[in-house]
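2 protein chains.
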Amino acid sequence: MRNSKQRDVILKIVLDSSDHPTADMVYNRARKEIDNISLGTVYRNLNLLSEQGIIKKFKIVGDIERFDKTVITHSHFVCKECGKVIDIMEDSLSDFIKELSNKTNANIERYEVSLFGTCSHCQ
Amino acid sequence: MRNSKQRDVILKIVLDSSDHPTADMVYNRARKEIDNISLGTVYRNLNLLSEQGIIKKFKIVGDIERFDKTVITHSHFVCKECGKVIDIMEDSLSDFIKELSNKTNANIERYEVSLFGTCSHCQ
DNA sequence: CCTTAAATAGTAATGATTACTATTACCGTT
DNA sequence: AACGGTAATAGTAATCATTACTATTTAAGG
């Protein structure tokens, strides 16, 4: 993998963001530094970086792809008022899923939990 | 809401299916009964029927919309070998999410859990 | 400073879903 | 049984996120 100014900028944007940006959000932020950067380049590099485990790509049900600097396993909560995506770092969830795996005699290797409601700010 | 042959056929197909069909799957099955039924009609009626609570529309992360005759809250497991979508009727999950709601002082109103792995048949 | 392949910009294609519009058909009223 | 209003439909176009394609640019090793 060669160096590229584009990839550096894209990585820095994700590492500096805490709002779980979409590819389009990264694209718009990147354009402020490289005015003619291509959306395809943003997608390719976001996918590349997440394949390498440097950033994390995730999806919330009913939503589009998002990217996160936090690579460790965690879930996401979406506030229906402000639209914010909030990290839920919940280890007990993974324990719970393991139990479920035994009960249902299906071998659960991976899970995605999307939570919806109202965040503490908006209540 | 008026009667329509199309809606009757579409509803019957979902009620007779246990494979969590997509709109396109319902469309292809419906065409065997009404050869010129429109895909738009299928989408509109599937959405209409799920708004009425007669069927259930759901999504698995990374997958497209699916429809289910089972309307009560439950989660879904996807086998990566055979591709089957299997219902997980797990009450304890909902209790767990309620607890999580308290811990995180976010008001969790709804959740979607997608489980991935290998089913009992394919192991 | 050359060369070569990786990376890019710009554009086209894809696929699921929704929107649009002229036509059809359900159904209550005569 | 015919009529008229309007909901529902068929067929097609539009949308939007994402991927694919291709000619051009650029990193970096010799």
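Note that the protein sequences, when read in sequence, are chains G and D. 1 is the number of the first residue of the first sequence in the working numbering; add one for each residue after it. 1 is the number of the first residue of the second sequence in the working numbering; add one for each residue after it. Backbone N, C-alpha and C define an ideal beta-carbon position, used for all residues, glycine too.
Annotation: the continuous beta strand (DSSP E) that includes Arg110 of chain G extends over Asn107 to Thr118. Neighbours of Tyr111 of chain G in chain D, taken as residues at a C-beta separation under 8 Å, are given in chain order as Val113, Ser114, Leu115 and Phe116. Only those residues of the region 51-65 of chain D whose C-beta falls short of 7 Å from the nearest C-beta of chain G are listed: Lys59, Val61 and Gly62. In the structure shown, Ile10 of chain G adopts helical secondary structure according to DSSP, grouped into three states.
A distance of 9 Å or more separates the beta carbons of Ile88 of chain D and Ser101 of chain D. Excluding the 5 residues flanking it on each side, Asn107 of chain D has same chain C-beta neighbours closer than 7 Å at Ser101, in chain order. Asp63 of chain D carries a coil assignment under DSSP once its states are collapsed to helix, strand and coil.
In its chain, beyond the 5 residues on either side, Tyr27 have a beta carbon closer than 6 Å to the beta carbon of Leu39 of chain G.
Against chain D, a Cβ distance below 7 Å from Cys119 of chain G picks out Ala106. Between Ile97 of chain G and Glu90 of chain D, the alpha-carbon positions lie close to 11 Å from each other. When beta bridges are read from the DSSP output, Phe58 of chain G appears opposite G:Arg66. When secondary structure is reduced to three states using DSSP, Ser101 of chain G falls in the helix class.
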